[in-house]
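2 protein chains.
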Amino acid sequence: MRRASLHGEIDLSAVTFLSPVQEEIKLVEERMRTQADNSHSDLRAALEHLLAAGGKRIRPTVSLLVGNMLGAPLEKLITLGAAVELLHTATLVHDDLIDGSLLRRGMATLNARWSPPATVLTGDFLFARAAIAAAETDHLPLMKLFSETLATIVNGELTQMFTSRGLVSRDNYYKRIYAKTASLFEMTSRAAAMVSPVDETVIESMRDFGYQIGMAFQIVDDILDFNGEQATVGKPLGSDLHNGLVTLPAIYYAEANPNDPDILSLPNGGWTNTENMTRLVDNIRASNSSNQAMREADQHIDRALTILDSFDNCVEREALENLAKYIVDRKV
Amino acid sequence: MRRASLHGEIDLSAVTFLSPVQEEIKLVEERMRTQADNSHSDLRAALEHLLAAGGKRIRPTVSLLVGNMLGAPLEKLITLGAAVELLHTATLVHDDLIDGSLLRRGMATLNARWSPPATVLTGDFLFARAAIAAAETDHLPLMKLFSETLATIVNGELTQMFTSRGLVSRDNYYKRIYAKTASLFEMTSRAAAMVSPVDETVIESMRDFGYQIGMAFQIVDDILDFNGEQATVGKPLGSDLHNGLVTLPAIYYAEANPNDPDILSLPNGGWTNTENMTRLVDNIRASNSSNQAMREADQHIDRALTILDSFDNCVEREALENLAKYIVDRKV
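If you read the protein sequences in the order shown, they are chains A and B. The numbering used here applies: residue 1 is where the first sequence begins, and numbers increase by one. The numbering used here applies: residue 333 is where the second sequence begins, and numbers increase by one.
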């Protein structure tokens, strides 16, 4: 309901949810930058490059908004934000190496400039610094949660690697996007509540909030892979499918068109046939599948907004609402 | 003094220091094995393979002996031992990938059997599980120390990667072996004391003990690279030098023979010349350099034994003494 009025109506820029924490995000970035202070100059340069490649710092923003709303000490939130973003960056560094990606957000990846060994070790270094930052929150349950989330993310990537490509499976899809994306959003929001003076119910609410926006975030990413503007997304449309990765729009299409020969070919390696996959991508784009997938993302965001309803109105709550809406309205 | 009588006198087998904790080491291995319980079967198989490739579990042994001597709860020591050995294994997995090594301890490395992506991720998985195990000790300072040690190790590897090969420098050498090896021994021994009912002085003593045996361990490794029996060491003699890595025996030789043309060639890439390096390795083997390096290792072990002298005699202290002596007397 609530969501229906949003799509295409306003262009919610990141500013609407970033503004309350703009200065604090700079402190998070500063904290990230200092991680390589005592390290080799080449490593410092690599960290600078990764920081410049940036992104919207949506995870630290979640940590700051949730924690500020709940009265957490700012220092802990900055430390947590840096830990989460370092962990996220570390997984991206290894992901890009594994996928052989040369560009991310329009900038050269580390592996495009550095040797594979240097890239592996830089990722490891970022894991280590993320763990140090997490430990600096001085909060043992948070530290455990942090380690477990790293294990979830890596285990998800390994499972994806070992699972046959071309698999059409909803269950597999949800597990995969939880591990890949939602687990870290969930952890971030939950951890921000854990360092706040609130009870278990609130912590559980904020965990759920993080989970819901995280699931939506990845579903929208997967929709944009089909329906985004190629120039904005920065990679060929349908690139997931061309790599044998069957995401939600393709799953909806497969359910509606079970006898489509291109769909039938997927589990048997049909995704390696570029011509057929280009046709399938076109068919999925022309179908209603992305709208159906978007409805799922909307449902997650609706749940996230409902969770926020139970909190007193404040600038952070409003910003979190805008952030949640932005996740489904964004174009990149 | 003490050490002079030991070399070549008795063959101290690992048994003399392993026996008091033999059963407990099995519990550590069991704890390591359960790390992949909820993971993909291929990952479980990889962990089994890595566990089977084994080694002497010298780090968990240090943790158990130190902690048992000082009255730590066994459960914490087993958790710590598993954390340390998982971390050690993770670094080996990435190291072997980076070096392209196909064998370790006579068994196929993971990267010899698996793709680089799967190997990168398995290393990451082991880091994550090591962090979880460290967090399970429920000891925040230990957790911090653990993260910092991981950062030290990775930073050392990166520095080594960025530093010009063929560099003849004592200072660089000591820093390198501290980061590579001694830091983890130091952390292990210190952490075992940290979870024991002892005061800061004892913790500092055990930190120093770990440091001393760790430095000795790596110096002896570097000596064995020149003077070991090729069949036992399992790689060509002088392989470090052939890779442009100048270790302590070569440094002593360089100091005694500053005008040796092969030594002079090292900083300018002379180490890439196989014929010259084979001659240099022969010259170092024929020289007194390895004996001089061994004297340094002996001094570290002497310091370690002196530290133990201040503790009441007990089966663990005796085992730690034997372990320290084994480090300089081992042939592999």
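The C-beta atom is built at its ideal place from N, Cα and C for all residues, glycine as well.
At a Cβ-Cβ threshold of 8 Å, I410 of chain B and V353 of chain B do not count as neighbours. By the Cβ criterion, the stretch 212-219 of chain A is not in contact with the stretch 133-149 of chain A, since fewer than three pairs of Cβ atoms, one from each stretch, lie closer than 8 Å. The DSSP assignment places 442-445 as complete runs of the alpha helix (DSSP H) inside the stretch 412-453 of chain B, in order along the chain (cut-off: 4 residues).
Burial is judged here by how many other beta carbons sit within 10 angstroms of a residue's own beta carbon; S373 of chain B has fewer than 16 and is exposed. In the structure shown, the three-state DSSP call for H381 of chain B is helix. Here the C-alpha atom of S621 of chain B lies approximately 54 Å from the C-alpha atom of G55 of chain A.
Approximately 5 Å separates the beta-carbon atoms of S147 of chain A and A467 of chain B; this is inside 8 Å, confirming the contact. Our two residues, A465 of chain B and T109 of chain A, have alpha carbons roughly 32 Å apart in a direct line. Contacts with chain B at 8 Å (Cβ-Cβ) do not include V195 of chain A. Nearest CB-CB separation between I263 of chain A and chain B: not below the 8 Å threshold. Bounds of the alpha helix (DSSP H) holding S515 of chain B are 515-526.
Shown here for F209 of chain A: same chain residues with a beta carbon closer than 6 Å to its own, the five before and five after excluded, namely S189, A304, I307 in chain order. With a 10 Å radius around the Cβ and a threshold of 16 neighbouring Cβ atoms, N291 of chain A comes out exposed. Apart from the 5 residues on each side of it in sequence, L412 of chain B sits with its Cβ closer than 6 Å to the Cβ of S395, T469, A523 in its chain, given in chain order.
Within the same chain, Cβ atoms closer than 6 Å to the Cβ of E24 of chain A are found at L64, the five residues on either side in sequence being excluded. In the three-state reduction of the DSSP assignment, R497 of chain B falls in the coil class. Cα atoms of M277 of chain A and S164 of chain A: separation of roughly 17 Å, rounded to the nearest angstrom. Cβ-Cβ distances below 7 Å link F643 of chain B to M401, R649 in the same chain, with the five nearest sequence neighbours on each side left out; the list follows chain order. When only Cα atoms are considered, G270 of chain A and A377 of chain B end up about 29 Å apart.
Counting of Cβ neighbours within 10 angstroms places T484 of chain B among the buried residues, the total reaching 16 or more. Look at P141 of chain A here: in three-state DSSP terms it is helix. For S537 of chain B, the uninterrupted alpha helix (DSSP H) run begins and ends at 532-559, by DSSP. Contact check for E186 of chain A against L248 of chain A fails: the beta carbons are separated by 8 Å or more.
For L429 of chain B, the chain A residues whose Cβ falls inside 9 Å of its Cβ are P116, P117, V120, in order along the chain. In this structure, the straight-line span from the alpha carbon of G570 of chain B to that of E653 of chain B is close to 30 Å. Taking 8 Å as the cut-off, the Cβ atoms of L86 of chain A and L126 of chain A count as close.
Chain A has no Cβ within less than 8 Å of the Cβ of S496 of chain B. A residue is called buried when at least 16 other Cβ atoms come within 10 angstroms of its Cβ; R502 of chain B does not meet this threshold and is exposed. The criterion of a C-beta distance shorter than 8 Å is satisfied by F349 of chain B and A651 of chain B.
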